[in-house]
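If you're matching positions, the sequence shown starts at 274 in this note's numbering and goes up one per residue.
See structure below.
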Amino acid sequence: MAKLANFTPTILKNLFSKPATTTYPFEPFKYPEGTRGHIENDIDNCIFCGMCTRNCPTRCLTVDKATHTWTINRFDCLACEYCTVVCPKKCLHTVEGYQEPMPEKSSVTYTMSEEAIAAEAEKKRIAAEKAKAAKEAALKKKAEEEAKAAAEAAAPAAETVAEAAEAAPAE
274 MAKLANFTPT ILKNLFSKPA TTTYPFEPFK YPEGTRGHIE NDIDNCIFCG
324 MCTRNCPTRC LTVDKATHTW TINRFDCLAC EYCTVVCPKK CLHTVEGYQE
374 PMPEKSSVTY TMSEEAIAAE AEKKRIAAEK AKAAKEAALK KKAEEEAKAA
424 AEAAAPAAET VAEAAEAAPA E
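This is how it looks when you write it as structure tokens:
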């Protein structure tokens with residue numbers, strides 16, 4: 274009976290307080306503050322520069338610019354977020370949630386969509402055309418300046434010859 278008396282305050286407290294557990298299936302789970310989650314990539318904005326790969330301490334990321342793929346081995350990832358900090362396009366971000374358990378170690382590969390690849394190729398083509406036009410304009414301007422300088426250099430020489438010709442008969 275003495276043992277029951279020791280538990281009486283705890284029993285009464287639990288009767289009139291909220292449950293210690295959550296109603297997970299019926300209410301969404303709230304992750305604790307400070308939970309890192311896992312890394313996701315908005316692949317269509319990625320420029321495949323490889324900065325994330327070079328700054329990853331576990332080398333769990335691989336970037337292939339030729340095939341437009343970005344691969345992460347989630348079980349090697351520490352979720353340190355170094356890759357998200359150095360990403361110049363800010364296409365890497367963390368998502369709340371834990372890594373789902375799997376029977377074996379696997380990696381996730383993101384591939385750029387065909388539309389994004391075509392848009393990127395179009396941007397490069399337009400940039401190349403603009404650069405070519407700017408280079409041609411610069412060459413044309415330089416040629417005009419050289420012609421103008423040559424004309425100005427020839428004009429004083431012609432004036433000197435004319436002055437010399439005028440001075441010669443006077444003697």
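Ideal placement from N, C-alpha and C gives every residue a C-beta, glycine not left out.
Quantities reported herein were computed from a predicted structural model and do not represent experimental measurements.
Scanning E395, C360, F348 for the CA closest to the CA of Y371 turns up F348. Pairing P361 with P305, the inter-Cα distance amounts to about 29 Å. In the DSSP assignment, Y383 falls within the unbroken beta strand (DSSP E) covering 381-384. The beta-carbon distance between I316 and W343, rounded to whole angstroms, is 6 Å. This is short enough to meet the 8 Å contact definition. Looking only at C353, C333, C356, K378, the smallest Cα-Cα distance to I345 is reached by C333. With 16 or more neighbouring CB atoms inside 10 Å of its own CB, L365 falls in the buried class. Close CB contacts of C329 within its chain, under the 7 Å cut and outside five residues either way in sequence, are with Y355, C356 (chain order). Counting along the chain, the unbroken alpha helix (DSSP H) around T357 starts and ends at 355-359.
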